[in-house]
Every structure is written in C-alpha cells, then in structure tokens.
Amino acid sequence: MKIAIFSTALLLAGCATPTKNLMVGSTPPKEIKKVRVTTVSPDPLDLNTVMKDELSKRNMTIVGAAPNNEMKADDADVVIYFHADEMMDFMIPKWYVKSIDIDFFDAKTGTVIVSNRWAAGQYHGYPDKNQLMSEILNEIFAKIKERQNSILQSN
C-alpha cells in the first residue's frame, strides 16, 4: 500500500513539473542590440508585450517583426521566433501559459543560435508571466554569453 501511494505521489509530482529544453546552435553575434521578433496571435495573456518589455530591459531595440517569418534581416543582429500556447482552465476559469518556444537566429546567416522550449506540466500552476519570461530569457542569454566567452577563450 505504501509503495502504491509513493508511486502515485511521484507520478503526480512529475506531471506538475514544467519541462525545459535549451539547445545551443551556431556562434552568436558578438553583440546583440537590435532584434526582430515574431509575435503570438491570439494573445490573451499579452505575452507579446511581456517579451518586448523583457528585451527592452536588456537594452535591446526591437526594429520590427520578422517579415514572412524570415530568419534573416539586414537591420538586426538577431531574429527571434516566439510562440506561446495559452490555454483557458475552464474549472477556474483562468488563462495560463501552456508552453513557450523561443528561437534566436543569427540575422546575417539565418542559422539557429539558441532554441528554448518551456512547457507546463499536466497539473499546471499559474506562473507569473513576467517572472516566467524573465527566467526563460535569463537562461537563453546566459547560454549565449557562455558560448561567446568560450569562443573568445579559444581565440
């Protein structure tokens, strides 16, 4: 009986845990100051604004959207593909973030610099959207900085 209760608790704890997947790709630009960002639509939680505010806090200028989802742009250092799934919890009712995908592309070459996927567990909570976006971008920029430093050290 104790094993069954423990196994059920372990299973439920795993379902409540958000999944994270962060992969590093090609060499990032030396400096990221100008970005183009794709946007989410529809956006009931206004994550587009949250994303843009978080980038602005990092002294980045958003020069516009990525036209036709092109991953290259002459007027930017990075093109950011941003997609979020937002769901309504009809039991409460309340909107929550189901998943967030953020991919950074080198605007000159169109190659992936970093790719991040965050997804809520099956038994989700209601994470603060500003804190969640800040944490995801902190992880992304830490990986980019780590990659930039390793390139500098190898030269």
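Numbering-wise (my numbering), the sequence shown opens with residue 217 and increments by one. Every residue gets a Cβ at the ideal spot worked out from N, C-alpha and C, and that includes glycine. Please read these numbers as outputs of a predicted model, since none were measured by experiment.
Outcome for residue i when other beta-carbon atoms lying within 10 angstroms are tallied against a minimum of 16
i, result
"residue 277", "exposed"
"residue 356", "buried"
"residue 274", "exposed"
"residue 265", "exposed"
"residue 358", "exposed"
"residue 244", "buried"
Under the three-state DSSP convention, the category residue i falls into
i, result
"residue 341", "coil"
"residue 357", "helix"
"residue 350", "helix"
"residue 268", "helix"
"residue 288", "coil"
"residue 274", "coil"
"residue 296", "strand"
"residue 249", "coil"
"residue 257", "coil"
For residue i: DSSP bridge partner residues
i, result
"residue 301", "315"
"residue 330", "240 and 320"
"residue 310", "305"
"residue 282", "DSSP output for residue 282 lists no bridge partner at all."
Inter-residue Cα distance where the pair is residue i and residue j
i, j, result
"residue 250", "residue 307", "42 Å"
"residue 325", "residue 292", "11 Å"
"residue 309", "residue 342", "12 Å"
"residue 290", "residue 279", "11 Å"
"residue 256", "residue 318", "11 Å"
"residue 220", "residue 301", "Confidence is the limiting factor: at residue 220 the pLDDT is only 43, short of 50, which leaves the residue's position unreliable, though a coordinate-based value still follows. Using only the alpha carbons, I get a separation of about 34 Å."
"residue 239", "residue 332", "6 Å"
*Would you check if there are 3 or more beta carbon pairs closer than 8 Å linking the stretch 285 to 294 to the stretch 333 to 345?*
no
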